[in-house]
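Data first, discussion second: the structure below is written as structure tokens.
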Amino acid sequence: MTPRLRMLHRAEAKVDAMNLFSEVKDLVLTQLDALVAEGKLPEGLDTKNVTVEPPRDASHGDMATNAAMVLAKPAKMKPRDIAEALAEKLLSDPRVAEADVAGPGFLNLTLTAATWQAEVAQILTHGPAYGRSDLGAGKKINVEYVSANPTGPMHVGHTRGAVFGDALASLLDYAGYAVTREYYINDGGGQVDTLARSVYLRYLEAHGQEVSFPDGTYPGDYLIEVGEKLKDKVGEDYLDQPEEVWLESVREFATEEMMALIREDLAALGVRMDNFYSEKSLYGTGQIEKALADLKAKGLIYQGVLEPPKGKTPEDWEPREQTLFKSTAHGDDVDRPVMKSDGAWTYFAPDIAYHYDKVSRGYDALIDVFGADHGGYVKRMKAAVAALSGGKVPLDIKLIQLVKLFKDGAEFKMSKRAGTFVTLRDVVDQVGPDVTRFVMLTRKNDAPLDFDFDKVLEQSKDNPVFYVQYAYARMSSVLRKAEAQGVDISDAAISKTDLSHLSDPAELKVAKKLAEWPRLVEIAARGNEPHRIAFYLYELASEFHALWNRGNDQTDLRFVQDGDPQATAAKIALPRAVGVVISSGLGILGVTPLEEMR
RNA sequence: GCACCCAUAGCUCAGCUGGAUAGAGCGCUGCCCUCCGAAGGCAGAGGUCUGAGGUUCGAAUCCUCAUGGGUGCGCCA
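So for the first sequence, this note's numbering puts the first residue at 195; every next one is plus one.
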């Protein structure tokens with residue numbers, strides 16, 4: 195093995211300072227180096243595929259490494275021979291109790307109880323910082339989410355995207371990135387004109403006129419108030435006036451009103467943006483021109499005529515020459531128009547300019563959170579960012595699938611026309627922000643989500659929100675009881691207690707689950723997958739509930755030892771550590787832990 | 001027609017960027033409260049991971065094809 199590879203190992207170890215799995219992986223790599231030095235392994239082996247992870251079956255041990263199998267071929271040795279040599283080396287580490295070769299060449303490791311006890315102590319010492327990672331190494335990352343059109347209140351579909359983006363941003367922050375949470379306001383296109391016309395109708399209505407809402411306007415009640423506010427502001431000035439007189443001013447007024455509404459919706463959900471970026475600000479300021487000039491300089495802008503899509507040619511199709519972006523140069527299927535045949539920008543042009551601006555602001559990575567119906571734009575956006583940044587800034591686009599609503603046991607279909615339109619407010623007002631957020635994260639972003647109004651409020655184990663909160667409440671209850679016994683329940687005091695009694699397999703099982711937390715954070719952050727946090731918390735809660743019930747017939751496993759404050763003081767470390775991790779996890783999801791279930 | 005996403009227990013879904021005998025919850029069967037919150041726990045039954053090839057020590061995971069769903073496809077954002 196080369197010195198360069200050894201240095202890589204050390205760098206990894208530093209990154210994952212508090213991750214026990216990484217520490218053991220580092221140990222494995224170090225011992226592989228030692229075997230090389232002793233001439234028992236050939237030099238120059240590539241160890242990048244060596245992993246240390248929890249085995250699927252706990253009876254195999256605490257951790258398993260595939261090192262022997264990965265290295266067998268390049269080393270031209272039998273996997274079992276490598277595994278046995280490595281096992282002997284690893285046993286010299288005080289943390290390793292057993293090292294067994296199994297199956298095709300797995301090396302199963304069992305760690306000493308003291309190692310797990312030390313991990314629990316780490317949790318109590320570091321508190322919320324336990325599990326924090328510097329995986330991101332302070333790199334700047336921009337997460338764009340929600341970006342709902344400023345034409346009305348947010349609905350349930352937006353809600354899922356908002357929760358996902360917000361949790362992802364928190365997760366990345368926890369994993370050591372410098373995160374910016376950003377909202378792109380689509381205030382530059384035709385739909386804000388439609389909004390302005392709709393508000394104008396409500397304005398007329400506020401003046402006592404009878405109005406009707408033709409197709410292509412927004413008939414929603416939420417604009418009534420805006421029409422009245424407009425009346426308060428401008429009085430009769432816009433009555434009987436042509437559109438040229440009022441359109442621009444009403445548009446601006448209405449957009450601001452809608453953004454105020456959306457900010458309130460976001461606040462109700464507990465989402466706070468760092469930055470609102472206006473599409474309109476890109477027009478007439480040379481920004482779009484600048485971005486396109488950059489692409490043009492790279493030879494990616496040209497005049498051309500697109501082929502009609504095969505199999506589904508629009509009836510009114512006719513070939514037109516347009517200004518096109520050569521997105522096919524960066525993986526797209528066809529080139530995309532940036533300027534219409536009448537000389538106006540397409541929506542794609544400001545999108546390019548917006549992402550150009552993000553790149554210019556020096557972000558190391560970008561993430562866009564879109565609705566699944568925008569799946570068709572992924573390739574072109576990635577192509578644009580790849581071109582603008584010279585391939586230096588990765589863009590990950592997360593598509594959020596639909597939310598299906600259920601009420602009274604049946605699917606609840608939304609329809610703007612029928613007025614059965616469920617807003618973010620409807621949901622948050624009925625079930626609260628915490629439940630809304632957690633439930634929205636109990637599915638992968640690209641899987642459809644069923645949201646059942648009755649079920650999410652149910653207090654039973656098939657409601658994951660309740661199940662996790664219940665575990666936290668039980669933990670809190672235990673601490674209250676301990677305190678009533680006169681035990682000092684501060685984390686500082688608990689962390690100083692002797693943890694060597696934590697040796698029952700049932701207790702160690704919980705400690706092992708806790709030790710997975712830092713590793714899980716990194717896995718979730720690497721994949722931009724906050725849902726993993728929610729699933730982990732459910733599993734952790736499950737382990738905790740199981741241990742709790744063991745106390746029913748095995749009294750020494752109870753956290754509160756009646757009439758024995760000393761024993762209690764020692765026993766509450768584990769539940770408290772569970773509480774710390776649950777609290778951290780819920781914090782990433784934006785959910786407040788409950789100390790009591792009421 | 002093309003592109004992207006998806007297909008895992010009867011149902012709803014996980015599956016840690018290729019690991020060992022594929023896991024939870026619901027539902028079903030049988031147990032556990034004079035005892036820290038039973039709003040919970042334990043045990044059992046339930047699978048050709050849609051199908052067929054391929055890559056390799058090893059595939060639910062990666063590649064190709066097929067089938068079945070979802071989304072989108074210039075002058076709307």
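C-beta: ideal position from N, C-alpha, C; glycine also.
If I measure Cβ to Cβ from A205 and keep anything under 8 Å in the same chain, skipping five residues before and after, which residues do I get?
Any reading at A205 is ruled out, since the residue's pLDDT is 36, under 50, leaving its predicted position unreliable.
Can you tell me where the beta strand (DSSP E) with K598 in it begins and where it stops?
597-601
Strand pairing of I727, partner residues [DSSP]
Its beta-bridge partners do not exist; DSSP assigns none.
So for A342, helix, strand or coil by DSSP?
coil
From which residue to which residue does the alpha helix (DSSP H) around I766 run?
Here I766 belongs to no alpha helix (DSSP H), and DSSP marks it neither H nor E.
With C-beta atoms as the reference, is V650 less than 8 Å away from I776?
no
Mapping DSSP to helix, strand and coil, what is R530?
strand
Suppose the cutoff is 7 Å on Cβ atoms and the five residues either side in sequence are ignored; what does the same chain contact list for R391 look like?
Here the set comprises T411.
Classify N743: buried if its beta carbon has 16 or more other beta carbons within 10 angstroms, exposed otherwise.
Counting Cβ neighbours within 10 Å, N743 comes out exposed, since fewer than 16 surround it.
With DSSP collapsed to three states, give me the class of W511.
Note: W511 maps to coil in three-state DSSP.
Please list the terminal residues of the continuous alpha helix (DSSP H) segment that includes D360.
350-368
Terminal residues of the continuous alpha helix (DSSP H) containing A538?
Neither: A538 is in no alpha helix (DSSP H) and is coded neither H nor E.
Between the segment 362-382 and the segment 321-329, do three or more beta carbon pairs fall short of 8 Å?
yes
Given a cut-off of 8 Å on the beta-carbon distance, is the pair L214 and E313 in contact?
Result yes, Cβ atoms of L214 and E313 sit closer than 8 Å.
For P544, count neighbouring C-beta atoms within 10 Å of its own C-beta (all shown protein chains included) and say buried if the count is 16 or more, exposed if not.
buried
Own chain residues within Cβ distance below 8 Å of A678, not counting five before or after:
none
Are G226 and A266 close, meaning C-beta to C-beta below 8 Å?
Reading off the sequence shown, one finds Leu at residue 226, where the question assumed Gly. Cβ atoms of L226 and A266: not closer than 8 Å.
Residue interval of the alpha helix (DSSP H) (run including L284)
273-284
Below 8 Å CB to CB, which residues in the same chain sit around V774 once its five sequence neighbours on both sides are set aside?
I317, L318, G321, P322, Y324, D685
Can K601 and F632 be called in contact, C-beta distance under 8 Å?
no
Check L305 in the structure and name its three-state DSSP category.
strand
Rounding to the nearest angstrom, what Cα-Cα distance links S443 and F470 in this structure?
21 Å
In whole angstroms, what is the alpha-carbon distance linking T762 and A361?
36 Å
Can you tell me the Cβ-Cβ gap for V616 and V246, rounded? I've got them flagged as a contact below 8 Å.
In fact, because the Cβ distance is near 46 Å, the residues do not count as touching under 8 Å.
Quick check: what's the CA-CA separation for V209 versus T241?
Residue placement at V209 is flagged as unreliable, the pLDDT there being 38, under the threshold of 50; a coordinate-derived value is accordingly withheld.
State the DSSP-derived secondary structure class of N639, mapped to helix, strand or coil.
coil
Beta-carbon proximity of F645 to K598, cut-off 8 Å:
Contact flag set, yes.
Would you identify the three-state DSSP class for D562, choosing helix, strand or coil?
strand
Grab me the residues of L239's own chain with a C-beta within less than 7 Å of its C-beta, minus the 5 sequence neighbours each way, in chain order.
Only M195, L265, P268, A269 meet the Cβ criterion.
Given I379, which residues of its chain have a CB within under 7 Å of its CB, disregarding the five upstream and five downstream residues?
P344, M453, F470, Y471, S472, E473
In this structure, how does DSSP classify S472 when only helix, strand and coil are distinguished?
strand
By how many angstroms is the C-alpha of S216 removed from the C-alpha of K675?
37 Å
If you drop the 5 nearest sequence neighbours on each side, which residues of the same chain put their C-beta closer than 6 Å to that of I561?
V337, D590
Sort E376, I418, P273 by Cα distance to V465 and report the nearest one.
E376
DSSP three-state call for G498: helix, strand or coil?
DSSP places G498 in strand when its eight states are reduced to three.
Going by DSSP, which residues form a beta bridge with R720?
In the DSSP output, where bridge partners are listed per residue, R720 has none listed.
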